[in-house]
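Throughout the sequence shown, residue numbering follows mature numbering (1 follows the signal peptide of the UniProt record, and there is no 0), covering -25 to -1, 1 to 174 in sequence. Data first, discussion second: the structure below is written as structure tokens.
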Amino acid sequence: MRWLIPGRWLIPGLLTMISVLSACASRPDITTDYDHTINFSTYHSFAFEPQLGTETAGYTSLTTQRVKAAIQREMTARGYVYDEATPDLLVNFSAKLEDKVNVTQTPVPMSYYYGYYGYRAGLYAPWPGYALDTNIDRYTEGTINIDLVDRARRQMIWEGVAVGRISGNSKQIPEESINQTVTDIFAKYPFRSAGPPTQ
């Protein structure tokens, strides 16, 4: 939250991604999917992938730390224990930006054209089908992915995706927007840890 358009892309770092989601006029659309063959109750602990999908600058940004804290909060609330040494699950997250162009045409009464383009009146008529109002909407769409990976099998077992449309050029990163986006994604995570494994 790339499918690349010439001249931009795969924006490095989490700063831009969160700016996209926090600048959305409304909450992003959330979709999730998971491996239906997996028994999720067997997972009890988690940690983060050593090389997160957003970290390309060689250091961990404040924004990344905030996203990690939000994910840790959501996982802990579902009964998972943070275990950096031998976690059952590894969490990864990434982001992307993509320019979009949406072209729509709406029929407009011919009287509009004769009124607006009055200099044509009485001289000539537009060709058939001329009376269409064309609107070109250019905007940027941002996407954030959160993956849960079975550490032993090195296989993704759950994915949550938030897709939002930018409503401005704000580069501010409100912490509440980070928290809300992560909360919205995990609201669609249907599983809980059954607690620590019995010894």
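C-beta: ideal position from N, C-alpha, C; glycine also. The structure displayed is predicted, hence computed values, not measured ones.
Let me know the secondary structure DSSP gives threonine 7 once reduced to three states. strand
Restricting to Cα atoms, I'd like to know which of Glu116, Asp10, Arg126 and Gln155 is closest to lysine 75. Glu116
Put glutamine 130 into one of helix, strand or coil per three-state DSSP. Note: glutamine 130 maps to strand in three-state DSSP.
My parser needs the alpha helix (DSSP H) runs of 4 or more residues fully inside the region 25 to 68; what are they? 37 to 52
Within the same chain, show all residues whose beta-carbon is closer than 7 Å to that of valine 138, passing over the 5 residues directly before and after it, in chain order. Met(-25), Pro3, Asp4, Glu116 and Thr118
Verify whether the separation of the beta carbon atoms of tyrosine 18 and aspartate 58 is less than 8 Å. no
Straight-line gap, arginine 126 to alanine 70 (C-alpha atoms, nearest Å): 22 Å
What does the Cβ neighbour count give for leucine 123, buried or exposed, with the cut at 16 atoms within 10 Å? buried
I need the DSSP call for isoleucine 121, collapsed to helix, strand or coil. strand
Whose C-beta lies closer than 6 Å to the C-beta of aspartate 112 among residues of the same chain, with five residues either side of it excluded? Asn77
Would you mind stating whether phenylalanine 21 and methionine 50 have Cβ atoms separated by less than 8 Å? yes
Threonine 38 burial status per 10 Å Cβ neighbour count (16 or more: buried): buried
Contact belief for isoleucine 121 with isoleucine 46 at Cβ below 8 Å, rounded distance in angstroms: 7 Å
Based on the DSSP output, what are the partners of serine 20 in its beta bridges? Val56
Could you tell me the alpha carbon to alpha carbon distance between leucine 65 and asparagine 154, rounded to whole angstroms? 20 Å
Threonine 158, buried or exposed, once every other Cβ within 10 Å from all chains shown has been counted against 16: exposed
Taking all protein chains shown into account, decide if glutamate 73 is buried (16 or more other Cβ within 10 angstroms of its Cβ) or exposed. buried
Report back the beta-carbon spacing between phenylalanine 68 and threonine 29 to the nearest angstrom; my notes put them in contact at under 8 Å. Going by Cβ atoms, the distance from phenylalanine 68 to threonine 29 rounds to 6 Å, so yes, they are a contact pair.
Would you kindly work out how many angstroms separate the C-alpha atoms of leucine -16 and isoleucine 13, rounded to a whole number? Note on leucine -16: pLDDT 43, under 50, position unreliable in the model; the coordinate value appears next. Each residue's alpha carbon lies about 31 Å from the other.
Buried or exposed: where does glycine 135 fall if 16 or more other Cβ atoms within 10 Å of its Cβ makes it buried? buried
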